[in-house]
Each structure stands twice: as C-alpha cells, then as structure tokens.
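Reading through the structure tokens given below for one structure.
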Amino acid sequence: MGRQRWWRGLRARVTVAYAIGSLLLSFTVAGATFALARAQLLEAAESQHREQAYSNARSLRENVQSALEKEASPDGSQIDINTFLTNLSRFNGSQQALLLDDGTWYSPFDIKDQLQGYPQLVDGTRRWSVADMRIDVKGTVSYAVGIRLNSINASYFEVRSLADLESTLSSLRAILVGVSTLASGAGAAFGYYSARRALTPLSRISTAASAIADGDFTMKLDLEDDRDLALLGSAFNNMVDAVGQRIARERQFTSDVSHELRSPLMTLTASVEVLERRKDSLPDVAQQAIDLLSHDLDRFQRLVQDLLEISRMEAGAVQLQISQFLLIEFLENVMTQSRNPGLLRNFSPGDPDLVVSADKRRLAQVMTNLIENAEKYGGGATGITYEVVDDDVQIVVEDNGPGVPAEERDRIFERFARMGGVAGNRASDAGFGLGLSLVGEHVRLHGGQVWVTDRIDGQHGARFVVQLPLGPDRELHEEMAS
Amino acid sequence: MGTKILTVEDDERIRQAVTLALEEEGWDVVEAATGERALETFTASPADVVLIDIMLPGIDGFEVCRSIRRTSDVPIIMVTARSDTHDVVAGLEAGADDYLTKPFAPKELSARIRAMLRRVRAHEPGTLERTRIGELEISPDEGMVLRNGEELHLTKTEFKLLVELASQPGKVFSREVLLERVWGYDYFGDGRLVDVHIRRLRTKVEADPASPRYVVTSRGLGYKLQP
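Going down the list, the protein sequences come from chains A and B.
Going by our numbering, the first residue of the first sequence is number -2, and it counts up by one from there.
Going by our numbering, the first residue of the second sequence is number 1225, and it counts up by one from there.
Put into structure tokens, the structure is as follows:
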C-alpha cells in the first residue's frame, strides 16, 4: 500500500467542501446583511436630514420674509442671508446655501461649486420643488436636499456629510467580515467533525475486515442504527457469513478426510503389526516389503496426525491442556525419548526449580520437532539449554549445521499452506511433514514466540529459541522439594 | 484359559485387524459390533478387560461404559478419535480407566492391558499394611476401604490411586509419578487421567468433595493424602 496524500483523504475533502460552502454562504449572508443595513441606515439618516432641511427651510423663509417686511426694503441684498444660513448650521454640522432665481448664491460655506456640479439637483429643485441626492463633497459622501422657496423666489440647499454613517458602516463591515470568517472556520470544523462521524462506520468496517482477515468469522458489523448504512452492514455480514461458511466447509473437508483416513490406517497398522510379528517366517523379499510398508505407514500416520492438528488449529478448536511441571524434568524426558541420547549427556540445565505452565504434549511436540529438524538439516542437535529472561523462559536448541539463511528465518515457521515449497527447504520438505509450522503454531498458542538465528557462540549452526511466558508460579513449591 | 478381552468396534475391518493383532499377542478376544451386543456379551460372560470405541451406532461408548460400571469394576479402555477433546474427560467420567486414540498400535494396547491387569493383581498379597487415616481405613489385602466402618465401593484404579497416596501420607505425588505408578505411563502420559480419577475418588472418600479433607491438591503440581 503506497502512501496516500492527506488531501486525497475523504475526511480532508469533506472538510474543505464544508469550509468553502460555509465561506460562500456566510459571505453572501454578510454581504446581503451589509447592503440592507446600509440602505436602511442611509434611508434613516437621509429622512432625518430631510426633516431637518424642511424645518430649516421654513425658518429661513420666515426669517427672510420678516426681515423683508421690517426693512421694507425692496432690495433683498440688504438682508444678511449668510448670517441666517450660519445660524441654521450651528447645531447639526450641516452646510446651507441659498440660490436666488437670479442666479445669486448665498452660502457661508464653500459648497456652491459642488452644488453647481449637480445641475440635476439644482434644476430638479426648481422644477419639482424638492430634490435630493447623494453627492461627493471633497471626497466625502454627503447628502444634499434642495427645497424650493417660491415665496422668496429662491432654492434652499442643505448638505450634510455622511462620514459618520460611513464609519459606522465600515465598523459593521469589519464585524461582518470577522463573523463570516469565523463561520467559515466553524463550517470547516463542523465538516471535519461530521466527516469523522460519517466515517465512523467506515472505520468500523475496516476494524471488522481486519478481524476477519485474522480469521474471526464471527465478527458482525452492526450498522443497524443508521438506516442508510444498514443495507451495507447486512450485505457485509452476509458476505462474511458466506466466506466463513466456505472456509469452514473446506476445513471440515480437510478434517473429514483426515478422520476418514484413520479407519483404514487403524486396519493397516494392526495388520502390519501382525505381519511384523511373523516376519521371520517370510521370504527375504517379503521381509523387505514389510519393512518398507511399516516405515511408510509410520510416516503416513504422522502426516495424518499433523494434518489433523493443523485443521484443528485452522478451526480454532485447539484447547490447550495447561498443567504445571518442572522444566528440567520435562526436558530430560524429551531428550531421553529422542533418538539422540548424547543430548542428555551434554545437558547443562538452568534453574532446576523452574516451573512452567504449558500443554505438556504440545510442548513435547515442539521440542521433538526441533530436535528432529536439527537431525535432518543440522547434523543433529548439539545442545539444549534454557534460561529465564525477564518474565519469559527461553528454551534454546542448537545444532552444528549450515544454519538458516536470514531471508528464510521467518518463513520456515509459517503455515505450510503459505509456503513456496522450494525443494530442500527445511519447512516444506514433505519428508519432514509440517514440523516447523506446527512448532510455530504451538508456541503461538502458548502466547510465546519462536525464532532462529545463527549461533551466538561463534560456531557454525542454527540456534532455535522458543520463548514462553512464565506464569506467576514459576518456583517450585517447598512441599515438593521435600 | 487366557485373559479375555471384549472389543467393541463397529468398523468390521478394524475389528478384524485388531482382533488378529491382539490374538497374535496372546489374548483371547471376544468381538461386539454394537453397544447393545457388547452389553449382552458382557452380561453373559464377563471379560477381564473391555475395549470400547466411543463412536458407536445406537447406544454410544459412554453409555456402554456407564452400564458396565454399574455392575462391574472391570478395567475399561476407551478408544477416542482425538486426545484433545472433551471426549476423553467424558469417557473417563463415564468410568473408563484409560484411553487410546485411533489409530493406535495394538502393541501399545497390549502394554496398556498388561499394566492394568498388573495393577489389579498387585493388590492381592500386601504391598501396604492396613492403614488408618482419619475416618478412612484402607486394607490393601482385602482391597477394601472403610469410612467410619462403612465400606466404600472404589474401582480398582481408584483403589490403587488411594493406596499409592496412602503409602506416604502427606507427601506430594506429581501427576507424572502417579501416572507411572498407577497406569504405567512414562513422563508424557495424560495428566487428565490422574485429575479425573482423583475427582472420582473424592466423590467416594470425601464427606464434601468440593472442599476435600483427605485427597488434597498441591499447588497444581500434584496430590497428597492429608494425614
């Protein structure tokens, strides 16, 4: 499996999609909010300004009219219009101008030119009595209202800066941008979270799949709580059942075949035994035939036993018969029974009171297979030792042979089903049967490990190490010693 | 007249071959193909040793074993398909004294039979003095155990096991030692033989088999008779 780039992962993609989606959404909403708020605020400010302008226009008209009456002067120019205009602006920062119909401008402020730049305002006021528009006054957005004062033949203009409003709006904009950014972040986080949630079933599937790969066909995928995935769950479970049943059938077949082989083997064994007892009374040729028959019957019998053992392991039906025993006594008995009596003579035992908890029959098979393996490939085992290493005991079988090449060291303990079957290879040699793979399986069933290295004392040969965990009762009880 | 062995086996060819081989070893062999036939034959003329295949059509080997046990303490050897199943324990609990797995060598069977007969006969004239341990009174000569003066009915294997433990009260006997002395096995005998027989022995000699007073387990390594 190659390394995957993170952004190709489903979770990353969902996160990014959520982030982009919430970014678009929040900025759209923020934009709309801003536009609406702006329109409303402007409308409110403008209508306030308009009201103010009307009231100012009225008071200007009254002032001008009363001044006209008081002075009874026909020449309006005598009246100080600029003072009136200045008074109007005193409290609210607006700027005023008055345009007489003869084209004379009055204004204490410098806005005449600006207003003249908007003829639609000036002409509109004259034509429609009232006009307003947003204008630019020296770079500042301002609101201008024009009101026709027919009684004095003039147009009154009032301009007010919208700079305050603009600054409010820019704060609002900043807030909205901030909120939108946060919302996008939250969207990304939510996307990540929901992707994870959405992926939980996937990780459950992958857990289940690994369990199944390890041979646990009882594994069930429970996706019932999710209607959309329940179908996938049941399909998956059906598949597991089907595969499991198929494998179980094949195992059953192996097991049945091995079982079936036992009945004829029983007959053969008993009959060959009778022949062997009567061997002396038979001609030479028949004797040779009986020897061949008896030897291969032995081999056949062991092969069937190993096959049965393997099929039991495959079926997970092995129950260890754990008992406690003295390791030294056990190994001495193994060596006594082996066809290599020299082993016992060279035996240099470790702690004589060491007690192990193991399936004695299976551990004996492990040791016997290792000794026979050494005989077959290593010129015979040269020594067996054991020592306690932390919470384990390591039982070591060494030989003087050519050793095992590094690249084959793991393979030789694998199940025979997976082996390449290279001729002459330790593990796959049919003459030896399934010895080392059974060693591996037995040791694993005990919660231990087995491995092979070169000898560590500098001599030629292989060093097989069986490591078993020690139970709590590793020392011999005092009563036993007496 | 020689020692008579009743072989209960449904496969005709196996039965013939085993009979042939056992006869070669010098035993008298009586055959039975079914459990029913085996019980009839045994009732008509009891054998000295019974060999029963567990897998029988009709009444199975366990049932045959239990039926025989009700009336007889004849040594029984079970033949099972595998050694690592519950069959072995079930067979021993049904009253079998020993077991073999198929395919076995008839030579091995002969050795087992000899070991059994030897231990049955070993008790005839005294190997152990009459012993008293608490409420138990063991009389090897009569092959009899009394608890509070009442006779207990032990099979020969159970009896031999008790006598072995009683030979050195308080000493722990490992399973291996008991397997060798009672059953004649080497070091690699099946410890469950000892465990199941100890269990059966307890149901007979102990007032409360769940918390034994006499036949005590020692740290999983063996058993002893508590004086």
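Heads up, the beta-carbon is just placed ideally off N, CA and C, and yes, glycines get one too.
In this text the structure is predicted, and so the values were computed from the model without any measurement.
Check	Outcome
Short Cβ contact (8 Å threshold) for residue 78 of chain A with residue 111 of chain A	no
Supposed contact pair residue 227 of chain A and residue 220 of chain A - C-beta distance, whole angstroms, cut 8 Å	6 Å
Within chain B, partners of residue 256 of chain A - CB distance below 7 Å	1305
Residue 1385 of chain B versus residue 319 of chain A: straight-line alpha-carbon distance, rounded	22 Å
In chain order, each alpha helix (DSSP H) run of at least 4 residues that lies wholly inside the segment 213 to 291 of chain A	224 to 274
Selection from B:1446, B:1445 and B:1423 that minimises the alpha carbon distance to residue 1435 of chain B	B:1423
Contacting residues, own chain, Cβ-Cβ under 7 Å from residue 1228 of chain B (five flanking each side not counted)	1252, 1254, 1271 and 1272
Residue 415 of chain A classed as buried or exposed, judged by whether at least 16 other C-beta atoms fall within 10 angstroms	Because residue 415 of chain A carries a pLDDT of 38, less than 50, the predicted location of this residue cannot be relied on, and the following value inherits that uncertainty. Exposed, because fewer than 16 other Cβ atoms sit within 10 Å of the Cβ of residue 415 of chain A.
Under 7 Å from the C-beta of residue 259 of chain A: neighbouring residues of chain B	1326 and 1327
Nearest to residue 185 of chain A (by Cα), restricted to the options A:431, A:229 and A:8	A:8
Element boundaries [beta strand (DSSP E), containing residue 316 of chain A]	That residue, residue 316 of chain A, is in no beta strand (DSSP E); it is neither H nor E in DSSP.
Exposed unless 16 or more other CB atoms sit within 10 angstroms - verdict on residue 1326 of chain B	buried
Among A:50, A:36, A:147 and A:66, nearest to residue 90 of chain A - alpha-carbon criterion	A:50
Short CB-CB distance (under 8 Å) between residue 11 of chain A and chain B	no
Same chain only: Cβ atoms within 8 Å of residue 266 of chain A, ignoring 5 sequence neighbours per side	294 and 298
Within-8 Å CB hit, residue 1238 of chain B to chain A	yes
Residue-level contact to chain B via CB, residue 357 of chain A, 8 Å cutoff	yes
First and last residue of the uninterrupted beta strand (DSSP E) at residue 383 of chain A	378 to 386
Pairwise C-alpha distance: residue 465 of chain A and residue 407 of chain A	18 Å
Rounded separation between residue 1395 of chain B and residue 1449 of chain B - CA only	7 Å
Residue closest to residue 1439 of chain B, alpha-carbon to alpha-carbon, out of B:1232, B:1284, B:1236 and B:1360	B:1360
Alpha-carbon spacing of residue 177 of chain A relative to residue 28 of chain A, whole angstroms	10 Å
Alpha-carbon to alpha-carbon, residue 1426 of chain B and residue 1369 of chain B	13 Å
Contact check, residue 1260 of chain B vs residue 1276 of chain B, beta carbons under 8 Å	no
Residue(s) in a DSSP beta bridge with residue 1228 of chain B	B:1252
Contacts around residue 1299 of chain B, its chain only, beta-carbon distance under 6 Å, and the 5 residues preceding and following it disregarded	1273, 1321 and 1340
Against chain B: residues of the segment 268 to 297 of chain A by CB proximity under 7 Å	268, 270, 271 and 274
Candidates A:275, A:100, A:65 and A:61: closest to residue 82 of chain A by CA position	A:61
Residue 194 of chain A versus residue 14 of chain A - alpha carbon distance	16 Å
Burial state of residue 1407 of chain B (16 or more Cβ within 10 Å)	buried
Backbone secondary structure at residue 1448 of chain B - three-state DSSP	strand
DSSP beta-bridge partners of residue 95 of chain A	A:103 and A:153
Local Cβ density within 10 Å of residue 1397 of chain B, reported as buried at 16 or more and exposed below that	buried
Minimum Cβ-Cβ distance from residue 1252 of chain B to chain A less than 8 Å	no
Selected residue, minimal CA-CA separation from residue 344 of chain A, among A:309, A:384 and A:374	A:384
Minimum length 3: unbroken beta strand (DSSP E) runs contained in the segment 1263 to 1294 of chain B	1273 to 1277
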